[in-house]
Structure formats: structure tokens, C-alpha cells
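Structure, as C-alpha cells:
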Amino acid sequence: MSILTKMLDERPAIRAILLPALVVLFGAESVRYFVSGMTWALGDRFSVGAFQLGGIAIVVFGMAFMAVLLRHAFGTRISVVFAALVLGMMRLLAQIQYGEPIVNMVMVAFGIAFFGMFLAVYLDNARSGGRQALSYLAIGLLTGFIMDTALNGLFGSYDHIYQGGIVPLIVAIVLFLIELLLLPGYNISMNEKPSNNSILPWLAIAPFFFLEMEVFGNIARFTALTGWMLPLAFTIVLCGQLLGLLLATKLLSLGEGLFKTTILISSMILLIATLFADSGSVYLIAIMTILGQVSLMVLIVGVINNIGGNINGKASRTSTVVNGFAMILFAVMVLAYYAVYQISLPYSGDVLEIMAAVLLILCAVIPLRSYVSAPGLKTSLYVAPVISLVLLVAPAVSFISWHEPEAINAGSDNIKVMSYNLHNGFDTRGELGLEALAAVIEENGADIVALQEISRGWLVSGSVDMLSWLSQRLDMPYVSGSTAGPLWGNAILSKYPIKGYETFDLPPDDLCIQRGFIAVKIDTGDMDLQIIATHLHHVEEDSDIRQVQVPVILEYWDNTPNTIILGDLNAQPDAPEIMMLYQAGLVDTMAEHPEALTYHSADLYQRIDYIWLSPDIQLVESHVVFSQASDHLAVIAVIGGK
Numbered sequence: 000m001s002i003l004t005k006m007l008d009e010r011p012a013i014r015a016i017l018l019p020a021l022v023v024l025f026g027a028e029s030v031r032y033f034v035s036g037m038t039w040a041l042g043d044r045f046s047v048g049a050f051q052l053g054g055i056a057i058v059v060f061g062m063a064f065m066a067v068l069l070r071h072a073f074g075t076r077i078s079v080v081f082a083a084l085v086l087g088m089m090r091l092l093a094q095i096q097y098g099e100p101i102v103n104m105v106m107v108a109f110g111i112a113f114f115g116m117f118l119a120v121y122l123d124n125a126r127s128g129g130r131q132a133l134s135y136l137a138i139g140l141l142t143g144f145i146m147d148t149a150l151n152g153l154f155g156s157y158d159h160i161y162q163g164g165i166v167p168l169i170v171a172i173v174l175f176l177i178e179l180l181l182l183p184g185y186n187i188s189m190n191e192k193p194s195n196n197s198i199l200p201w202l203a204i205a206p207f208f209f210l211e212m213e214v215f216g217n218i219a220r221f222t223a224l225t226g227w228m229l230p231l232a233f234t235i236v237l238c239g240q241l242l243g244l245l246l247a248t249k250l251l252s253l254g255e256g257l258f259k260t261t262i263l264i265s266s267m268i269l270l271i272a273t274l275f276a277d278s279g280s281v282y283l284i285a286i287m288t289i290l291g292q293v294s295l296m297v298l299i300v301g302v303i304n305n306i307g308g309n310i311n312g313k314a315s316r317t318s319t320v321v322n323g324f325a326m327i328l329f330a331v332m333v334l335a336y337y338a339v340y341q342i343s344l345p346y347s348g349d350v351l352e353i354m355a356a357v358l359l360i361l362c363a364v365i366p367l368r369s370y371v372s373a374p375g376l377k378t379s380l381y382v383a384p385v386i387s388l389v390l391l392v393a394p395a396v397s398f399i400s401w402h403e404p405e406a407i408n409a410g411s412d413n414i415k416v417m418s419y420n421l422h423n424g425f426d427t428r429g430e431l432g433l434e435a436l437a438a439v440i441e442e443n444g445a446d447i448v449a450l451q452e453i454s455r456g457w458l459v460s461g462s463v464d465m466l467s468w469l470s471q472r473l474d475m476p477y478v479s480g481s482t483a484g485p486l487w488g489n490a491i492l493s494k495y496p497i498k499g500y501e502t503f504d505l506p507p508d509d510l511c512i513q514r515g516f517i518a519v520k521i522d523t524g525d526m527d528l529q530i531i532a533t534h535l536h537h538v539e540e541d542s543d544i545r546q547v548q549v550p551v552i553l554e555y556w557d558n559t560p561n562t563i564i565l566g567d568l569n570a571q572p573d574a575p576e577i578m579m580l581y582q583a584g585l586v587d588t589m590a591e592h593p594e595a596l597t598y599h600s601a602d603l604y605q606r607i608d609y610i611w612l613s614p615d616i617q618l619v620e621s622h623v624v625f626s627q628a629s630d631h632l633a634v635i636a637v638i639g640g641k
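Reminder that position 449 of the sequence shown reads as 448 in numbering that gives the first Met the number 0, one-by-one numbering, no gaps.
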């Protein structure tokens with residue numbers, strides 16, 4: 000340990016970059032858990048309303064304002080150490096599985112509070128240290144997000160903060176021990192004449208965090224948009240970040256003219272990349288993701304570097320105020336981003352992405368008129384890109400461990416079909432538990448599985464690509480049928496060869512959560528089976544909407560033989576929309592089991608999940624699977640082959 004301490008003392012740039020990097024890593028992981036916990040542990044489980052959840056988020060993120068009290072009590076240096084230490088401890092304790100996600104959520108909430116305070120006091124300390132110290136902060140910030148991406152991708156986008164087991168725990172312990180190693184020698188002393196530059200551009204931290212976590216640094220999102228295997232998506236996102244880190248580091252050594260030109264060009268690139276982040280060919284999406292990542296990093300480094308020293312060389316309350324508002328702004332942006340799926344609002348998520356990019360651009364461009372270059376920045380800043388190259392081991396491991404699921408030929412006369420609403424991966428307690436969901440599917444030997452509520456990158460659902468992870472875990476190929484944007488909807492897993500598929504939207508097109516269905520042709524050996532999987536409108540009293548949706552599905556079916564229609568229909572057997580299916584001649588596989596309720600798994604009271612067969616298909620048996628891995632029970636039907 001003393002050898003490592005001596006090395007850090009001899010190379011202060013490593014400590015100056017790695018400390019904020021680790022804090023950002025812990026902060027990003029804590030934010031991910033907290034946002035999903037608010038949605039599923041508080042909102043869904045305990046029916047906490049949207050306004051109350053918003054209030055809780057603002058209070059937690061607004062605790063960053065308490066940095067002024069922390070600094071007053073301990074002084075700037077000790078406040079930095081204390082805030083980082085508390086965040087690290089809370090992040091480590093949150094790794095332990097207590098059986099009650101609210102406990103973990105409280106811990107990450109405390110962690111987020113101290114994360115915000117750390118940013119405020121560290122920023123003031125860095126400003127006192129001049130451009131060199133601010134440069135270390137900026138590069139450390141980028142390095143932290145690169146580390147977050149590396150870990151997220153290494154765990155298949157299923158963030159290790161959600162996972163039990165020895166490996167995730169060891170990773171959390173090692174990272175905390177590294178932080179403990181960095182803290183004792185932390186110190187920044189003033190070495191530059193103070194500047195009068197405004198601290199207001201620090202608000203750019205909010206849109207930077209937002210675009211990094213929601214758009215350009217989101218591995219699951221990129222996987223869903225391109226359809227590429229996750230290790231490839233992981234590699235591209237990480238390489239984009241590494242390139243951005245390298246160019247952002249180079250930016251710090253440029254003269255005044257080149258610096259301003261680079262910021263202006265990066266601004267245009269970021270705006271274009273955000274506008275076309277999820278449109279066009281997969282190759283265009285890949286290019287926009289890389290360009291967006293690079294420009295995003297260049298701009299935030301430019302913002303931080305241009306802030307300059309504190310006006311009096313000492314801690315300033317202004318930094319705390321601006322940082323506090325930045326933290327709240329980030330929380331508001333996330334809340335507003337997902338509010339469109341709950342209530343009708345006059346904007347879409349794409350609009351918020353563009354607004355975030357514009358805000359970041361303004362924070363970077365407006366201060367350029369007062370920018371003065373600071374020659375002589377140490378080349379030790381390049382320690383971050385060099386160290387970060389080691390993280391390329393992560394996608395290499397991901398590629399090595401990846402196996403492309405392969406379909407098998409039918410091995411028996413009977414075929415087991417399942418419909419399962421996965422509740423975005425969260426169990427009835429509000430804990431993200433993909434392994435429990437996979438176990439339900441695996442232990443029941445399902446050959447074909449229709450899945451509903453599949454999230455592929457939503458921050459409110461842990462930023463995980465549920466479909467890629469389950470496909471790998473169960474060794475089953477899949478097709479995806481997104482409905483509410485490209486990152487959420489339906490999917491089908493199949494052990495048998497998928498010959499082709501189509502996806503369709505369902506009316507009306509003005510719902511907060513758009514609905515649709517997937518139609519798949521599956522070769523079961525003896526016959527081609529048509530699977531139509533759907534998830535109808537969820538509001539119980541809106542039967543009239545479902546009565547518009549069901550005929551669209553029936554029209555597509557058009558009495559085609561060997562057809563199975565299944566999914567979460569959000570209506571009970573005596574509802575008019577369900578009667579349409581009966582009247583069309585379809586066979587309800589659970590009609591002989593009226594007591595087999597499917598929702599809510601913690602307190603069953605209704606049957607809303609179905610498997611329907613065309614009349615030519617032989618039903619062998621059917622049942623539901625009792626589990627609280629989701630709020631719905633899985634429905635299983637065994638059909639005879641031909």
C-alpha cells in the first residue's frame with residue numbers, strides 16, 4: 000500500500016483525475032438506482048403520485064445546496080474528502096442485497112446528496128487551483144463516465160449495483176478501496192491569478208449528465224436502435240467516449256483561436272448528432288452516436304476550462320448555488336423526459352434531448368468572448384486517455400463471453416408457449432431482478448415466449464437492455480417489437496427458427512404509451528406457427544380504446560390456421576373487447592380455469608393475460624405460474640404438434 004501511496008504522491012495528476020472520476024462513477028450508478036427505485040419501489044409499489052415523486056427527487060438532488068454548510072463546518076479540503084467518502088460508503092452499502100429495495104434506495108439517496116455537495120466543494124477548490132486544477136476536474140469527469148460505461152457493458156448493461164453475488168460485491172469493494180487510497184493525499188493549492196469569469200456555465204453539467212446517461216452513453220439504447228449484438232454496441236460507445244476524451248484533452252492545449260473554433264464546430268456537430276441520434280440507417284445512428292459523444296465531451300471540457308479561477312481565490316457561495324440548480328435541473332429533465340409516458344404533454348422526449356443539447360451549447364459558446372488561453376498546461380493530463388485505454392479489456396471480455404443464440408429443431412410433438420408481462424424487469428418489491436424472471440421461463444421449459452413491458456435503455460428501468468440479457472441468459476433468439484418509442488414494447492423469444500416477422504402499431508396514435516403487435520412465423524418442424532403477440536391499452540375504464548385495437552389484430556389474423564394470439568390484454572373475460580375474440584372463433588386456453596387469475600401477483604384479483612388458439616390447434620393443457628418476479632403471472636399453454 001505504501002508503494003502505491005508513494006506512486007500517487009509522485010504523480011499527483013493520477014490522484015487529481017481518478018478521485019473525481021470515481022466519484023462520478025459512484026454518482027452515476029447511484030442516480031440510476033435512485034431513479035428506477037422512485038419509479039418502481041415508490042411509484043408502482045406504494046402508489047406514490049407523480050408530484051410527490053418529483054418533490055422527493057428535487058429534495059434529494061437539491062441537497063447539493065448543503066455544500067455551503069459542509070464547507071463552513073469542515074473547510075474546503077476536508078469537505079471534499081468527507082463528501083467523497085460518504086458517497087463511496089453509501090455506494091458500497093447499496094451493493095448489499097437486503098431483501099428490501101427501499102433500504103438500498105435510501106442509501107443511494109444519501110449518496111446522491113453528497114455527490115452534489117462534492118461537485119460544489121471540489122469545483123470551488125479546483126477554481127482556487129486555477130486552470131490546471133479545473134482541467135483535472137474536467138478530465139476526471141469524463142473518465143468517470145467512461146468507467147461507468149465499461150462496467151455497465153461488462154455486466155451486459157445489467158448494472159452491477161442491482162445484482163447480488165460475489166463478483167459484483169468484489170467490484171464494489173475494490174472500487175471503494177481505490178477511493179480510500181486516493182483520499183488521504185488530496186490537496187489543491189492556489190497557483191494562478193483569479194479570474195472574473197462567471198460560474199453560470201457550470202449549469203451545463205445538467206444537460207451533459209442527461210445526454211450522457213439517456214442518449215450517447217446508453218449502451219442498451221444503442222443496441223436497440225441498431226439491432227447489433229451488445230458487445231459490438233458496447234465497443235462502439237466506449238470507443239466514442241475514449242476518442243472524445245482524447246480530443247477533449249487535446250483541446251486544453253490549443254491556442255485561443257483554435258480553442259474557439261473547436262468549440263463552435265463541436266457545437267454544430269452536437270446539435271446535428273442529437274437531431275439524428277435515432278433516425279436513418281443503423282450506420283448513420285452509429286456515426287451520430289460517436290460524433291455526439293465526442294462533441295459532448297469536448298464541449299463540457301471547454302465549459303469547465305473557461306470558468307477560470309475564483310474571483311478571490313477562496314470558496315464562493317455562488318458555486319454552490321449554481322451547482323445546486325444544476326443538480327435540480329438534471330432531476331427535472333429526467334422527470335420531464337418520462338412524464339410524457341404518463342400524461343399528455345405538448346412535447347416528446349426528442350424535444351428535451353434537443354433542448355439539453357442547445358443549453359449545453361449556449362453554456363459553451365456564450366463565454367467564448369471572454370476566453371483567454373492558458374499556455375503551459377501539463378502534459379500529465381494525457382494520463383487519463385492512456386489509463387482509460389486499459390478499459391478496452393472490458394469489451395474484449397464481453398466479446399469472448401458472448402454467444403449468439405441459435406434456434407433448434409423441434410424435439411417433441413408438443414410445444415410449450417408462454418405469455419409473460421415482465422413489469423420492466425422489476426418484481427413486486429420494486430427490485431430489478433432479471434435472473435428471477437429468467438428462472439420462471441427456464442424452469443417451466445417454455446419453447447416460445449411472448450414478452451410485454453420490455454425496456455431497452457430507459458433510465459427509469461435501470462438502463463438495461465432486458466431483451467439482449469434474457470436472450471443470452473436463456474439462449475433463445477428474439478425479435479423485438481417496440482411500441483412506445485424504440486426502447487420499450489413487446490418481444491418474442493423462440494427456441495425454434497424464426498422465419499420472418501412484422502411489427503404493427505395499434506390505434507389510436509395519440510396515447511401516452513403507444514401500443515402495437517408483433518406477427519412472427521416460426522418453424523416448429525411439423526408446421527409453420529403464426530404467433531401474434533400484443534399488449535393492449537392499460538387504463539381499465541378505457542374499454543372503448545381496446546375495442547378499437549382488437550379488430551385490427553383480428554383483421555390481420557383473418558382466420559389464418561396455426562395461429563396463436565397472446566399477450567396482456569388488460570381486460571377481464573367478460574369485457575366487450577374479449578368477447579370479440581370469442582366471437583371470432585378463437586379458443587381461450589384458460590377458459591376451463593376461471594380461477595386462474597394473472598394480476599396482481601402479490602394480491603391476485605383479475606385475469607387479464609391470455610393465450611388464444613386458432614380452432615385447428617390442439618390444446619394439451621394450460622396453467623399459470625405462481626411467482627412474484629413480476630406483477631403478472633406467466634400463462635402457459637401446451638399445444639400438440641402435427
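The beta-carbon is built from N, C-alpha and C at its ideal position, and this holds for glycine as well.
For residue i, count neighbouring C-beta atoms within 10 Å of its own C-beta (all shown protein chains included) and say buried if the count is 16 or more, exposed if not.
{"i": "residue 462", "result": "buried"}
{"i": "residue 267", "result": "exposed"}
{"i": "residue 559", "result": "exposed"}
{"i": "residue 414", "result": "buried"}
{"i": "residue 543", "result": "exposed"}
{"i": "residue 397", "result": "buried"}
Beta-carbon separation of residue i and residue j under 7 Å?
{"i": "residue 104", "j": "residue 36", "result": "yes"}
{"i": "residue 541", "j": "residue 418", "result": "no"}
{"i": "residue 114", "j": "residue 359", "result": "no"}
{"i": "residue 334", "j": "residue 205", "result": "no"}
{"i": "residue 529", "j": "residue 482", "result": "no"}
{"i": "residue 469", "j": "residue 445", "result": "no"}
{"i": "residue 605", "j": "residue 596", "result": "yes"}
{"i": "residue 219", "j": "residue 464", "result": "yes"}
{"i": "residue 416", "j": "residue 590", "result": "no"}
{"i": "residue 27", "j": "residue 393", "result": "no"}
{"i": "residue 632", "j": "residue 619", "result": "no"}
{"i": "residue 117", "j": "residue 72", "result": "no"}
From residue i to residue j, what distance separates their C-alpha atoms?
{"i": "residue 199", "j": "residue 259", "result": "19 Å"}
{"i": "residue 405", "j": "residue 486", "result": "24 Å"}
{"i": "residue 536", "j": "residue 101", "result": "30 Å"}
{"i": "residue 109", "j": "residue 60", "result": "10 Å"}
{"i": "residue 19", "j": "residue 344", "result": "37 Å"}
{"i": "residue 566", "j": "residue 331", "result": "34 Å"}
{"i": "residue 202", "j": "residue 23", "result": "16 Å"}
{"i": "residue 119", "j": "residue 50", "result": "27 Å"}
{"i": "residue 196", "j": "residue 515", "result": "52 Å"}
{"i": "residue 212", "j": "residue 292", "result": "11 Å"}
{"i": "residue 216", "j": "residue 46", "result": "31 Å"}
{"i": "residue 650", "j": "residue 12", "result": "The first residue shown for the chain is 0 and the last is 641, placing residue 650 beyond what the model contains."}
{"i": "residue 610", "j": "residue 585", "result": "10 Å"}
{"i": "residue 270", "j": "residue 56", "result": "28 Å"}
{"i": "residue 254", "j": "residue 247", "result": "14 Å"}
{"i": "residue 621", "j": "residue 640", "result": "15 Å"}
Which residues in the same chain have their Cβ closer than 7 Å to the Cβ of residue i, if we skip the five residues on either side of it in sequence?
{"i": "residue 426", "result": "432, 435, 627, 628 and 629"}
{"i": "residue 490", "result": "450, 453, 466, 477, 478, 479 and 480"}
{"i": "residue 80", "result": "182 and 185"}
{"i": "residue 92", "result": "106"}
{"i": "residue 134", "result": "251, 304, 376 and 380"}
{"i": "residue 75", "result": "120, 123, 124 and 314"}
{"i": "residue 367", "result": "259 and 262"}
{"i": "residue 84", "result": "182"}
Could you name the residues of the same chain whose beta carbon sits closer than 6 Å to that of residue i, not counting the 5 residues immediately before and after it, in chain order?
{"i": "residue 599", "result": "630"}
{"i": "residue 168", "result": "94"}
{"i": "residue 289", "result": "239"}
{"i": "residue 518", "result": "501 and 531"}
{"i": "residue 38", "result": "459"}
Return the chain-ordered list of same chain residues with a C-beta closer than 8 Å to the C-beta of residue i, the five sequence neighbours on each side being excluded.
{"i": "residue 388", "result": "241"}
{"i": "residue 658", "result": "There is no way to answer for residue 658, as the model of the chain reaches only from 0 to 641."}
- Message: Measuring CB atoms only, is the stretch 65-75 touching the stretch 449-463, in the sense that at least three cross pairs come out at less than 8 Å?
- Response: no
- Please determine if the stretch 157-170 and the stretch 228-237 are in contact, where contact requires at least 3 C-beta pairs separated by less than 8 Å. no
- Item | Stretch-stretch touch, CB-based, cutoff 8 Å, three pairs: the stretch 239-257 with the stretch 295-304 | Judged by Cβ distances under 8 Å, the stretch 239-257 makes contact with the stretch 295-304, as three or more pairs qualify.
- Decide if the stretch 518-533 is in contact with the stretch 489-507; the criterion is three or more beta carbon pairs, one per stretch, under 8 Å apart. Yes, since at least three Cβ pairs between the stretch 518-533 and the stretch 489-507 fall closer than 8 Å, the two stretches touch.
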